[in-house]
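Residue 26 in the UniProt record's numbering is what sits at position 26 of the sequence shown, and the numbering runs on without skipping anything.
Notes follow the structure.
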Amino acid sequence: MDMSLQLQLMLMPASPVVDRKPDPALIHKQPNTGCSPRFPTELDYIFIYLCFLSPQRELFQTKDKMQRLVSTLLVLLLCCCISRSQANRVYVHPFNLFAVENVSCATPHTQTSKPRETHPVAPLDIQVLTSDSRDPSNHSTQRQNVTEKMVVLTTLFNSLGLRLYQALSSKQSGTNTLLSPINAYGSLVTFSMGASKNTTDLFQFFLGLTSSNKPDDCASLVGRHNVLKTLKSINSLVDDGTKDRVTTHVWAFPRQDTQLSEDFIQGAKDFSDTSFIRGVDFSKPDEAEQLVNNFVEKTSNGKVKSIFKDLNSSSDLLFMSSFSFRGSWGTPFKPDETSLQEFHVDETTTVMAPLMTHTGHYHYLNDKMQRCTVVKLPLSKQSYMLLVLPHEGASLQDVEAKLLTYMSGWQHRLQAGLLELSLPKFSMSSVIDLRDLLTYLNPEIEAQLLGSQAEFNQLSNSKPFTIDKAVNKVLFEMSEEGAEPQDNKQEADMPLKLSINRPFFFAVLEGDLNAILLLGKITNPTL
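In structure tokens:
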């Protein structure tokens, strides 16, 4: 099957989109942008479809047909924009927001074989734990433009993140799963800083950042530093420095004596709170593995251990990005109301797990058609959790398969009510091999983005240069403490009892943009 068609099929919705509203913003209203943040709709799928129809491989030979098809789809795109005018949403093409000013009219095939500027990398020294310095960035200027970028970029990584999560959950069937869409997206953008030739185009298509109207002989590139800084700005909306903490760290270990491109080094800094780039001698893989893992453990304050395994002497680059979310519930759970209760892992397995209990007013929905209950749990003032519990006898896999279709509709149908809610404590982490995940999604996608067919001539002065390890570490921890004091007044009504005592799905979102920070499922809270 043609690569572009595979990518289209991968990203198109699995079933008809229903439960739509004229304005699919979730709960909060984003001020002063003319844009409404939301989950993916048919508008986004047409845009993604356009992105992946850009000529590749043999499609270069049918450019006229492609241009006519793109023109037709652009008309459909315009119709969607007009139909949504009642939502007061002004559609802005992502490329137009992030494009570099001076577009080079030289196709990716004729890009220089070497990066524009490279720098030597300090050798790894376990005694030197200082992070690389970051250039200060002023995000307060042109606030209107920055907000528009946040809204549009949120749509892109929400959509891609849900697809990546569905693949990861399927790959890890029956086990706890955790993914950060914003971190995975940022990692891929960082890799694209070193891509060359067709790999550059494919990264932009995959990330939804391609131009739909570039001249045939021009290579239109987005300002990826701007994209990474915008991702960091979105993270900063949640991190209030007290109750909720969001931190991102990047480690990159190139082969010793290799010079890395300035773009890649700066991209790692743009994306993270701290970055560590150190050269490593891989000639003795076992020693290199121990040295690298010890360095990561020390520079992460013991949070990240034994990440890199099975190194070899021909390694060029090890990369890891960690995303940590430490939050508090909007209303605290009383420790004396936490008790051991049964959690039904499957039809034949039951474990005893500590479940927290709180009685209060929540927004929730009992969706009888989709056989699940949805609850919105406030966290801080800037974030919340969406929890989805399948009905007894229903399949969590079936619910997860419908996330792209129904997630927005669930948000609009939530109703306030009194619940006695019991749920497990949240403290979990995961390690995601991006190359393995992309391979599971589609082997050819992995091969062209990060694998054997990918070209990274812009990443280093060494040729050929490959990405051997690409890892995301995700940590998620919720305190029983709350952002607001608990209301102790007695309720006259009898609460509806809801016990989260079987496998369930959850998402953690930023409150204004509805940016998905975390997606996960818990099948066994004792693991």
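The beta carbon of each residue, even a glycine, is placed where N, CA and C say it ideally should be.
Minimum C-alpha distance to residue i - residue among the options
| i | options | result |
| --- | --- | --- |
| S156 | E455, N514, E289, T523 | It is worth fixing the name first, because residue 156 is Leu in this sequence and not Ser. Ranking E455, N514, E289, T523 by Cα distance to L156 puts N514 first. |
| S427 | N293, F205, V474 | V474 |
| S233 | L207, T154, F276, L124 | T154 |
| V280 | M352, A268, L311 | L311 |
| M407 | N158, K149, T147 | N158 |
| T338 | L209, F319, E420, F264 | E420 |
| G186 | F506, V471, N442 | V471 |
| M193 | S236, G223, F206 | G223 |
| K149 | Q448, F506, D132, L209 | L209 |
| G451 | S170, F203, L162, L160 | F203 |
| P254 | P390, S283, V238, L162 | S283 |
| E510 | Q127, D398, L377, S462 | L377 |
| E400 | L168, Q127, T147 | L168 |
| Q411 | I445, Y364, E444, P390 | Y364 |
| L496 | H358, P390, L441, K402 | H358 |
One or two residues paired with residue i in a DSSP bridge
| i | result |
| --- | --- |
| P354 | L340 |
| S180 | Partner(s): none; S180 has no beta bridge. |
| residue 559 | With the chain covering 1 to 527 only, the question about residue 559 has no answer from this structure. |
| Q127 | Answer is none; Q127 lacks a bridge partner. |
| V280 | R255 |
| H119 | L260 |
| G327 | M478 |
| residue 579 | Residue 579 lies beyond the stretch modelled for the chain, which goes from 1 to 527, so this question has no answer here. |
| S427 | E477 |
| E510 | S383 |
| T248 | F323 |
| S460 | L260 |
| I522 | F504 |
| T417 | Per the sequence presented here, residue 417 reads as Gly, with Thr not at that position. In the DSSP output, where bridge partners are listed per residue, G417 has Y362. |
| T405 | In DSSP, T405 forms no bridge with anything. |
| T439 | Answer by DSSP bridge pairing: none, since T439 is not bridged. |
| L498 | L421 |
Buried/exposed call for residue i, threshold 16 Cβ in 10 Å
| i | result |
| --- | --- |
| D201 | buried |
| S314 | exposed |
| Q415 | exposed |
| I182 | buried |
| G393 | exposed |
| L385 | The sequence shown places Met at residue 385, not Leu. Result: buried. |
| E117 | exposed |
| K197 | buried |
| D286 | exposed |
| A122 | exposed |
| V388 | buried |
| V508 | buried |
| V75 | Bear in mind that the predicted position of V75 carries a pLDDT of just 44, short of 50, making it too unreliable to give a figure here. |
| L50 | Interpretation of L50 is limited by its pLDDT of 43, a score under 50 that renders its predicted location unreliable; the figure taken from the coordinates is listed afterwards. So L50 ends up on the buried side. |
| L124 | buried |
| residue 534 | The requested residue 534 is not part of the displayed model; the chain covers only 1 to 527. |
| D135 | Since pLDDT at D135 reaches only 44, below the 50 mark, its modelled position is unreliable, and the value read off the structure follows with that caveat. The residue is exposed, with fewer than 16 neighbouring Cβ atoms inside 10 Å. |
| V152 | buried |
| P424 | buried |
| S383 | buried |
| D468 | buried |
| T373 | buried |
| L340 | exposed |
| I516 | buried |
| P354 | exposed |
| I307 | buried |
| S140 | With a pLDDT of 38 at S140, under the threshold of 50, the modelled position of that residue is not reliable, and the figure given next carries that caveat. That one is exposed. |
| Q166 | buried |
| D64 | With a pLDDT of 47 at D64, under the threshold of 50, the modelled position of this residue cannot be trusted, and the question is left open. |
| T350 | exposed |
Presumed contact (8 Å Cβ cut-off) between residue i and residue j, rounded CB distance
| i | j | result |
| --- | --- | --- |
| residue 528 | D273 | Residue 528 is absent from the structure shown; the chain starts at 1 and stops at 527. |
| S422 | M356 | 7 Å |
| S180 | L527 | Going by Cβ atoms, the distance from S180 to L527 rounds to 19 Å, so no, they are not a contact pair. |
| I277 | L260 | 7 Å |
| G409 | Y362 | Not really, about 18 Å apart at Cβ, beyond 8 Å. |
| T199 | D316 | Not confirmed; about 15 Å, so no contact. |
| L459 | F206 | Not quite, the Cβ-Cβ distance comes to about 17 Å (not below 8 Å), so this is no contact. |
| L379 | G330 | 6 Å |
| K309 | E289 | 7 Å |
Residue i Cβ short of 6 Å to the ligand MG heavy atom set
| i | result |
| --- | --- |
| D201 | Absent from the structure shown: the ligand MG. Ligands present: none. |
Exercise. Is the region 499-514 touching the region 344-358 in the sense that three or more CB pairs, one from each, lie closer than 8 Å?
Worked result: A contact exists between the region 344-358 and the region 499-514.
Exercise. Using 8 Å as the Cβ pair cut-off and three pairs as the minimum, do the region 365-373 and the region 435-454 touch?
Worked result: No, because fewer than three Cβ pairs between the region 365-373 and the region 435-454 fall closer than 8 Å, the two stretches do not touch.
Problem set entry | the region 299-309 contacting the region 225-238, beta-carbon criterion three pairs below 8 Å | no
Problem set entry | Segment contact, 8 Å Cβ cut-off, at least three pairs: the region 516-524 with the region 166-186 | Yes, the region 516-524 touches the region 166-186.
Exercise. Just checking, does the region 247-256 make contact with the region 316-324 on the three C-beta pairs under 8 Å criterion?
Worked result: Result yes; three or more Cβ-Cβ pairs closer than 8 Å.
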